[in-house]
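Visitor: Per my numbering, the sequence shown starts with residue 147, numbered consecutively. Even for Gly, the Cβ is constructed at its ideal location relative to N, Cα and C. One structure coming up, written as structure tokens, with questions to follow.
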Amino acid sequence: MRIQIVAVGTKMPSWVSAGVDEFIRRFPSDMPVNITEIPAGKRGKNADIKRILEKEGEQMLAAIPKGNRIVTLEVTGKPWDTPTLAKQLDNWKMDGRDVSLLIGGPEGLAPSCIEASEQKWSLSALTLPHPLVRIILVESVYRAWSVTQNHPYHRE
């Protein structure tokens, strides 16, 4: 199973890239993780936010391979603790499809992305900065994988 993270925003600070890369390289070859970045629409004083969200949504959905399970990260989604995420990971593997995890931009995800999702996951009730979400997401998935494999990382 492959995991794709589709995130709005490019040009992340070096500490974000280093953190994400550290966990991505730890995943085994039979469960590769990659990030697909979608350029954020230009937001200015008189920006048409609805149109920007629609365009970002179109680009996100176009970047997802056909047949992937789509999971959106949303404040209103279900909160999963580590054991629950580990069970989700096992269920996703048994499903036989690859998984695309979607991280929206400053205003969240486009309605089209939310409608396309099969699951909605909330990392926190807090509003988190989108660069930090990338690190939390990839670490959480790695930790869940370590639980499914009885790997010592989760017990460290």
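1) Given Leu199, which residues of its chain have a CB within under 7 angstroms of its CB, disregarding the five upstream and five downstream residues?
2) Express the C-alpha separation of Gln265 and Thr273 in angstroms, rounding to a whole number.
3) Applying the 10 Å Cβ sphere with the 16-neighbour rule, what's the burial state of Trp291?
4) In terms of residues, what are the limits of the alpha helix (DSSP H) holding Gln234?
5) Would you list the residues sitting across from Leu247 in a DSSP beta bridge?
6) Apart from the five residues on each side of it in sequence, which residues of its chain come closer than 8 angstroms, Cβ to Cβ, to Ser258?
7) On the criterion of 16 or more Cβ atoms from any shown chain inside 10 Å, does Arg280 qualify as buried, or is it exposed?
8) DSSP has Thr182 in a bridge; who is on the other side?
9) Return the residue from the list Ala186, Gly213, Gly223, Phe173 that minimises the CA-CA distance to Gly242.
10) Of the choices Ile210, Phe169, Met177, whose alpha-carbon is the least far from that of Ala153?
11) Which of the three DSSP states, helix, strand or coil, is assigned to Lys266?
12) Going by CA-CA distance only, name the one from Thr222, Ala193, Glu168 that's closest to Trp267.
13) Give every residue of the same chain whose Cβ lies closer than 6 angstroms to the Cβ of Met177, excluding the five residues on either side of it in the sequence, and list them in chain order.
Guide: In terms of the structure at hand:
1) A distance below 7 angstroms between beta-carbons, with the five flanking residues on each side excluded, links Leu199 to the following residues of its chain, in chain order: Glu253, Ala256.
2) Just so you know, the alpha carbons of Thr273 and Gln265 end up roughly 19 angstroms apart.
3) Answer is buried; the Cβ neighbour count reaches 16.
4) Following the DSSP letters along the chain, one finds Gln234 inside the alpha helix (DSSP H) bounded by residues 228 to 241.
5) Within the DSSP secondary-structure output, Leu247 pairs in a beta bridge with Ile151, Val217.
6) For Ser258, where only same-chain residues beyond five positions count, the Cβ hits under 8 angstroms are Glu200, Gly203, Glu204, Leu207.
7) Taking every protein chain shown into account, the CB of Arg280 has 16 or more other CB atoms within 10 angstroms, so this residue is buried.
8) When beta bridges are read from the DSSP output, Thr182 appears opposite Val152.
9) For the residues Ala186, Gly213, Gly223, Phe173, the minimum Cα distance to Gly242 belongs to Gly213.
10) The shortest Cα separation from Ala153 among Ile210, Phe169, Met177 belongs to Ile210.
11) Secondary structure at Lys266: strand, using DSSP grouped into helix, strand and coil.
12) For the residues Thr222, Ala193, Glu168, the minimum Cα distance to Trp267 belongs to Thr222.
13) If we look at Met177 and ignore the five residues flanking it on each side, its Cβ neighbours are Met147.
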